[in-house]
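Data block below; observations after.
Number of protein chains: 2
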Amino acid sequence: MTRDLYLGIDTGGTAVKYEVAAADGGTLGGGEVPTDPGDVAATLRALAADAAPLLGGAALPRLAAVGMACAGIVNPVTGHLGRSPNLPGWENSDLGGAVSAAFGGVPSALANDVNGALYGEYRHGAGRGCRDVVMIALGTGVGGGVVVDGKLLIGSHFGAGEIGHMVLDGDGPPCTCGSRGCLEAWAGSTGLLRATRELVAAGGASAALAGLAASRGAELTTRDLAELAEAGDPAAIGVFAAAGRKLGQAVGNLVNVLDPDRVIIGGGVARAGDLILAPCREVASRLILATEARHLPIVPAELGPRAAAVGAASLAREKAREGA
Amino acid sequence: MTRDLYLGIDTGGTAVKYEVAAADGGTLGGGEVPTDPGDVAATLRALAADAAPLLGGAALPRLAAVGMACAGIVNPVTGHLGRSPNLPGWENSDLGGAVSAAFGGVPSALANDVNGALYGEYRHGAGRGCRDVVMIALGTGVGGGVVVDGKLLIGSHFGAGEIGHMVLDGDGPPCTCGSRGCLEAWAGSTGLLRATRELVAAGGASAALAGLAASRGAELTTRDLAELAEAGDPAAIGVFAAAGRKLGQAVGNLVNVLDPDRVIIGGGVARAGDLILAPCREVASRLILATEARHLPIVPAELGPRAAAVGAASLAREKAREGA
Chain A
17 MTRDLYLGID
27 TGGTAVKYEV
37 AAADGGTLGG
47 GEVPTDPGDV
57 AATLRALAAD
67 AAPLLGGAAL
77 PRLAAVGMAC
87 AGIVNPVTGH
97 LGRSPNLPGW
107 ENSDLGGAVS
117 AAFGGVPSAL
127 ANDVNGALYG
137 EYRHGAGRGC
147 RDVVMIALGT
157 GVGGGVVVDG
167 KLLIGSHFGA
177 GEIGHMVLDG
187 DGPPCTCGSR
197 GCLEAWAGST
207 GLLRATRELV
217 AAGGASAALA
227 GLAASRGAEL
237 TTRDLAELAE
247 AGDPAAIGVF
257 AAAGRKLGQA
267 VGNLVNVLDP
277 DRVIIGGGVA
287 RAGDLILAPC
297 REVASRLILA
307 TEARHLPIVP
317 AELGPRAAAV
327 GAASLAREKA
337 REGA
Chain B
17 MTRDLYLGID
27 TGGTAVKYEV
37 AAADGGTLGG
47 GEVPTDPGDV
57 AATLRALAAD
67 AAPLLGGAAL
77 PRLAAVGMAC
87 AGIVNPVTGH
97 LGRSPNLPGW
107 ENSDLGGAVS
117 AAFGGVPSAL
127 ANDVNGALYG
137 EYRHGAGRGC
147 RDVVMIALGT
157 GVGGGVVVDG
167 KLLIGSHFGA
177 GEIGHMVLDG
187 DGPPCTCGSR
197 GCLEAWAGST
207 GLLRATRELV
217 AAGGASAALA
227 GLAASRGAEL
237 TTRDLAELAE
247 AGDPAAIGVF
257 AAAGRKLGQA
267 VGNLVNVLDP
277 DRVIIGGGVA
287 RAGDLILAPC
297 REVASRLILA
307 TEARHLPIVP
317 AELGPRAAAV
327 GAASLAREKA
337 REGA
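In order, the protein sequence lines correspond to chains A and B.
Residues 17 to 340 (the numbering used here) are what the first sequence spells out, left to right.
Residues 17 to 340 (the numbering used here) are what the second sequence spells out, left to right.
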């Protein structure tokens, strides 16, 4: 049987998602199994069993290579996983070796989680056809990644892409990292919800927003806020616009340094769409110096929560080609 | 006669500097001729005549390739020079073709001026032995450049490296580009001198600094300021420290995104040395997330005004190797 399929795995603290892809990148399907944060081998055994039907049977005869996107400090050259707070039994280990071993010795490729998602979007999503891409993922925190000339930017200490901690105003709101005024403090969901509560506390919110914040309390989400904004509430619109303008400052700064052909905005907060992207584009285009770059596409991610597994499968495919 | 020498040219609005380098990068010497901003061919003829003794005679028999660093928007792939405000007779032309033609048809390599200086430092100066380097040039304005994995970062629209226009505080001082709070508005000499005059006008300067500002008037330079600071004047020290802290914010932001192995600070303002570099390092190390990157070397440039010509000669050498 030909080894013609590629397995992409996205490891999170609670679940491990996977995609099985063909040589042309098309997906054959996927699934997920629970993560055992204390035991890499047990997690991968369960995943192999779950994916076996797509891979030709229990011996995985069609599997050519495995890619894994994993939260933490990942050395993509050696396959070593360094610090990874949500995976205590996985960190500081030869994860690439463990992955190969769990899947019959096929080659493995590793990336951190945001780079995995970026690579998925770059090859099969919102970044298709580009050479230089910046991605910003607006989740609880804010992550990021950069593709330069078709390759993931890794950095000298495997630390590149920390776009969320670009300081946009040294007197800005406090960030979880200990600094003030990081992009994350404005445009991550934690920061955005904190700004909302401060607005309500200061009496600057609409009655509808104040009521929503009171009724949802600690359960308030950016999805709730987006629904209110989409219904036309000016205070909720204003909260997204403020975050979007700071995002635009970050995008402008990044485009001036990196001059990519596209910027992709992903993560849960980005589901607010033009509520956050329109003010972002407005500020970015004002800050970008190179005339030709001033109206570069700043677009939402397309692959949603599948992105990192799709990207990991692409990295696996390239790893196999390098070896061939 | 073997074609074993490389000519590196640094084109400015008033003078064209050159260096002649051997295959090992060692310099055989250099010189400069006046720029004719209206006539590329005349400028290059004069330069060829001036450099001929180093290159084996009037027919330049030892010349293997020419590199040119040039202010403006440079397409290093095609050799096209786009906008270049100080070189009205040069802009929007096939500069690479003109350079090759002026030097007997040898291969030519082009870069913008800051990238030329960065490449010189990377190959033969403060960046020797690194793979990923960021350079910030603190002149009247602030320029910058990035080497990723041994290659100059050019960008999709030949606009990468505009580090000087990273907005560090949207409410900061006005910048020549029309934005507010760009790095350049704090750490370029124009911005630094403006901050000094504002300090004097507000009565916050020492008597010595106020006296210096009054006596030098519009002729005040950052060199004057540095001398006063080196003599221990706290107000002058404070002016450099404020610029250095903003430089540190920019460096921290850049290291978080790019994770280089070294940051080089060049340009006239950087001659103030630790007056500006010490506060820069202090802020940057506080902002950098990756533990391993937190104490990366942030060092002064080494090649001074020769850097861009040295870098252009290196680019010529690589161009000749590519062709071989």
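Yeah, the Cβ is synthetic: ideal placement off N, Cα and C, and Gly gets one too.
Please classify H311(B): is it buried, with 16 or more other beta-carbons within 10 angstroms of its beta-carbon, or exposed?
Sixteen is the threshold: since fewer than 16 other Cβ atoms of the shown chains lie within 10 Å of the Cβ of H311(B), the residue is exposed.
For N108(A), count neighbouring Cβ atoms within 10 angstroms of its own Cβ and tell me buried if that reaches 16, exposed if not.
With fewer than 16 Cβ atoms within 10 Å of its Cβ, N108(A) is classed as exposed.
Can you name the residues that DSSP bridges to D110(A)?
According to DSSP, which records beta bridges pairwise, D110(A) is partnered with H96(A).
Whole angstroms are fine: how far does the CA of V115(A) sit from the CA of G268(B)?
In this structure, the alpha-carbon of G268(B) lies about 34 Å from that of V115(A).
For chain A, check one thing: does any of its Cβ atoms lie closer than 8 Å to the Cβ of D36(B)?
Note that residue 36(B) is Val in the sequence shown here, rather than Asp. With 8 Å as the cut-off, V36(B) does not count as an interface residue toward chain A.
Do you know offhand how far D129(A)'s Cα is from E338(B)'s?
Cα to Cα, D129(A) sits roughly 36 Å from E338(B).
Could you compute how far the alpha carbon of G145(A) sits from the alpha carbon of G289(B)?
Each residue's alpha carbon lies about 45 Å from the other.
When burial is assigned at 16 or more other CB atoms within 10 Å of the CB, is S330(B) buried or exposed?
Classification of S330(B): buried, given that the 10 Å Cβ count is 16 or more.
For the stretch 297-313 of chain A against the stretch 257-264 of chain A, do three or more pairs of beta-carbon atoms, one drawn from each stretch, fall closer than 8 Å, so that the two count as touching?
Counting Cβ pairs under 8 Å, three or more are found: they touch.
Alpha carbon to alpha carbon, what distance is there between A80(B) and V122(B)?
Computed Cα separation, rounded: 6 Å.
On the three-pair Cβ rule with 8 Å, is the stretch 162-176 of chain A touching the stretch 217-233 of chain A?
In short, these stretches do not touch, since the Cβ pair count stays below three.
Since P276(A) meets chain B, which of its residues come closer than 8 Å, beta carbon to beta carbon?
Within 8 Å Cβ-Cβ: G171, S172.
Would you please verify whether the beta carbon of L270(B) is less than 8 Å from any beta carbon of chain A?
Yes, L270(B) counts as interfacial toward chain A.
Can you tell me whether DSSP reads E178(A) as helix, strand or coil?
Reduced to three states, the DSSP call for E178(A) is coil.
Looking at the C-beta of A300(A), does it have a partner C-beta in chain B at a distance below 8 Å?
So no, A300(A) is outside the interface.
Against chain B, does E107(A) count as a neighbour if the rule is that its beta carbon must be under 8 Å from one of theirs?
Not a single C-beta of chain B is nearer than 8 Å to the C-beta of E107(A).
Where D165(A) falls: helix, strand or coil (DSSP)
Assigned with DSSP and collapsed to three states, D165(A) falls in coil, not helix or strand.
Using a threshold of 8 Å, state whether the C-beta atoms of G197(A) and L184(A) are closer than that.
Result yes, Cβ atoms of G197(A) and L184(A) sit closer than 8 Å.
Short CB-CB distance (under 8 Å) between I179(B) and chain A:
Interface criterion met: the Cβ of I179(B) is under 8 Å from a Cβ in chain A.
Under 8 Å between C-beta atoms, does D148(A) make it to chain B?
Interface residue (Cβ-Cβ distance to chain B less than 8 Å): D148(A) is classified as such.
Taking C-beta to C-beta, are S205(A) and V285(A) nearer than 8 Å?
Cβ distance < 8 Å, so S205(A) and V285(A) count as in contact.
Using beta carbons (cut-off 8 Å, strictly below), is A242(B) in contact with chain A?
Cβ-Cβ to chain A under 8 Å: no for A242(B).
Out of A75(B), M17(B), G45(B), R213(B), which one is the CA nearest neighbour of A118(B)?
Taking only the C-alpha atoms, the option nearest A118(B) is A75(B).
Hey, how far is the Cα of T238(A) from the Cα of L209(A)?
When only Cα atoms are considered, T238(A) and L209(A) end up about 7 Å apart.
What does the Cβ neighbour count give for G233(B), buried or exposed, with the cut at 16 atoms within 10 Å?
Looking at its Cβ environment, which holds fewer than 16 other Cβ atoms inside 10 Å, G233(B) is exposed.
Residue range of the beta strand (DSSP E) that L236(B) falls in?
It is not in any beta strand (DSSP E) - L236(B) carries neither H nor E in the DSSP assignment.
Hey, is A303(B)'s beta-carbon within less than 8 Å of any beta-carbon in chain A?
A quick correction: the sequence has Leu, not Ala, at residue 303(B). It does: the Cβ of L303(B) has a partner Cβ on chain A nearer than 8 Å.
Note down, in chain order, all residues in the stretch 110-141 of chain B with a beta-carbon under 8 Å from any beta-carbon belonging to chain A.
Identification of residues in the stretch 110-141 of chain B having a C-beta nearer than 8 Å to some C-beta of chain A yields an empty set.
Using DSSP with H/G/I as helix, E/B as strand and the rest coil, what is I292(A)?
I292(A): helix per DSSP, three-state reduction.
What would DSSP say about V122(B), mapped onto helix, strand or coil?
Coil.
I'd like the list of long-range same chain contacts for I253(A), defined as Cβ closer than 7 Å, with 5 residues on each side in sequence excluded.
A distance below 7 Å between beta-carbons, with the five flanking residues on each side excluded, links I253(A) to the following residues of its chain, in chain order: A245, L291.
Where D40(A) falls, given that 16 or more other Cβ within 10 Å makes a residue buried
By the Cβ neighbour-count rule, D40(A) is exposed, with fewer than 16 other Cβ atoms within 10 Å of its own.
Answer with yes or no whether the minimum CB distance from V93(B) to chain A is below 8 Å.
Chain A contact via Cβ: absent.
I'd like to check one pair, G83(B) with G141(B): are the Cβ atoms closer than 8 Å?
Their beta carbons are not under 8 Å apart, which means G141(B) does not touch G83(B) by this criterion.
Among the candidates G46(A), L134(A), C193(A), whose CA atom is the shortest distance from the CA of V32(A)?
That would be G46(A), whose Cα lies nearest to the Cα of V32(A).
Confirm, please, whether the CB-CB distance from V150(B) to A138(B) is below 8 Å.
The question names Ala, yet the displayed sequence has Tyr at residue 138(B). Result no, Cβ atoms of Y138(B) and V150(B) do not sit closer than 8 Å.
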